[in-house]
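Only one structure is covered here, and it is reproduced in the block below.
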Ligand SMILES: N[C@@H](CCC(=O)N[C@@H](CS)C(=O)NCC(=O)O)C(=O)O
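Numbering (my numbering), first residue to last: 154 to 405.
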C-alpha cells in the first residue's frame, strides 16, 4: 500500500507536512489521477462534504487505484475549474484529471463509469434498480430549504420518506443486504450512502428530524457501510456536513 499524495499545494499551497487526506492506494503501472474535490467550508485544507466527491472517493478506495486529491475552497474556486468543459466543469466538483493525457472529466456519473472500465476489478457494477433512491437528494434539499411548517416542507418530507421506505423495503428482502451490493460496496452504495449521510446529519441538525424509526433495514444499512474500511478512509465527518449546509443555507 502506498499513501496517496494530496496535492492541495496546487491551489492552497499547503506544506507537505500539513496535507490532510490519506486515500488508500496501491502501486500499479497506471497514471496517478488527480481528483478535484470540495474542501471543508471554512477549513480549506480539509476534505469537505460533497456526496458526489464521496462517491468517487469510495470508488477509488474500493478499486485501490493511485489517486491524489486537490481540494477546492468553494469561496475561492480556481479560474480553470469555473470554465466550461473541456477546460473546467463550470465550477462543479468532482473532477477527475489525468495529468499525462490532460484529460479533465467532470461529473461523478461519467467518472465512476470511466473508472469501472479502467479498473474492472473488483467490479462495483450493481443490479440495484436505477430508480431506487434517485429522488432522495432533491427531496432532502427541498425539505431542508423549505420554511418550517410550510406545505412545501410537508410535501418534501413526504417525498423523502417515500424514498427511504423504498430503500428499506429493498434492503429488507430475503438475501439482500447488508449493503446494496451484498457484502461489498457497489456503485449503488457509493451513489446512495453519501446522500443518506447528508440527509440524516443535516436534517437532524437543522430540522430536528430523524428518519422514521421503523426503517430497521435502512438503519442497519447505514451502520454497515459506516463500518467498512473504505467508508472510514473517506469520511469527512458530520461537522463538515453541517458546515457545508450552513454555508448553503446562508446563501439561499
Ligand atoms: N451531477 C454532478 C453534481 C456535482 C455537484 O453538484 N457538486 C456540487 C458539490 S456537492 C458542486 O460542485 N456545486 C457547486 C457549488 O455549489 O458551487 C455530479 O454527479 O458530479
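Just so it is clear, CB atoms sit at the ideal spot from N, CA and C, and this is done for glycine as well. For clarity, every value in this text was computed on a predicted model and none was experimentally measured.
>> According to DSSP, residue 189 sits in a beta bridge with which residue or residues?
In response: 223 and 248
> Looking at residue 391 and residue 214, is the spacing between their C-beta atoms short of 8 Å?
Replying inline: no
> Leaving out five residues before and five after residue 281 in sequence, what residues of the same chain have Cβ atoms less than 6 Å from its Cβ?
Replying inline: 333 and 341
>> Please tell me whether residue 234 and residue 242 are closer than 8 Å, where the distance is taken between their beta carbons.
In response: yes
>> Taking the alpha carbon of residue 200 as the reference point, which residue from 404, 393 and 405 has its own alpha carbon closest?
In response: 393
> Are three or more beta carbon pairs between the stretch 282 to 289 and the stretch 222 to 236 nearer than 8 Å?
Replying inline: no
>> ligand 1 and residue 261: does any heavy atom of the ligand fall closer than 7 Å to the residue's C-beta?
In response: yes
> Which same chain residues, not among the five before or five after residue 207, have their C-beta less than 7 Å away from its C-beta?
Replying inline: 347 and 387
> Pick from 345, 398 and 378: whose alpha carbon is nearest that of residue 317?
Replying inline: 345
> For residue 326, is the classification buried or exposed, using 16 other Cβ atoms within 10 angstroms of its Cβ as the cut-off for buried?
Replying inline: exposed
>> What would DSSP say about residue 230, mapped onto helix, strand or coil?
In response: coil
> From residue 331 to residue 186, what distance separates their C-alpha atoms?
Replying inline: 31 Å
> Within 10 angstroms of its Cβ, does residue 159 collect 16 or more other Cβ (buried), or is it exposed?
Replying inline: Bear in mind that the predicted position of residue 159 carries a pLDDT of just 38, short of 50, making it unreliable; the figure below should be weighed with that in mind. Label assigned to residue 159: buried.
> Is it the case that the CB of residue 204 approaches a heavy atom of ligand 1 more closely than 7 Å?
Replying inline: yes
> Of the choices 401, 302 and 328, whose alpha-carbon is the least far from that of residue 362?
Replying inline: 302
> Which residues bound the beta strand (DSSP E) around residue 290?
Replying inline: Per DSSP, residue 290 belongs to no beta strand (DSSP E); it is in the alpha helix (DSSP H), 289 to 298.
> Can you list, in chain order, the stretches of the alpha helix (DSSP H) that have 4 or more residues and sit fully within the stretch 305 to 361?
Replying inline: 340 to 360
> Should residue 348 be listed as close to ligand 1, given that the test is whether its C-beta is under 7 Å from any heavy atom?
Replying inline: no
> Can you name the start and end residues of the alpha helix (DSSP H) that residue 382 belongs to?
Replying inline: 382 to 387
> Can you name the start and end residues of the alpha helix (DSSP H) that residue 373 belongs to?
Replying inline: 369 to 379
>> Does the beta-carbon of residue 247, which I'm using as the reference point, lie nearer than 7 Å to any heavy atom of ligand 1?
In response: yes
> What is the DSSP secondary structure of residue 364, counted as helix, strand or coil?
Replying inline: coil
>> Tell me whether residue 187, by its Cβ, gets closer than 7 Å to a heavy atom of ligand 3.
In response: Among the ligands in the structure shown, ligand 3 does not appear; only ligand 1 can be found there.
> Would DSSP call residue 271 helix, strand or coil?
Replying inline: helix
> Rounded C-beta distance between residue 321 and residue 370? I'm assuming under 8 Å.
Replying inline: 5 Å
> Does the beta carbon of residue 227 fall short of 7 Å from some heavy atom of ligand 1?
Replying inline: yes
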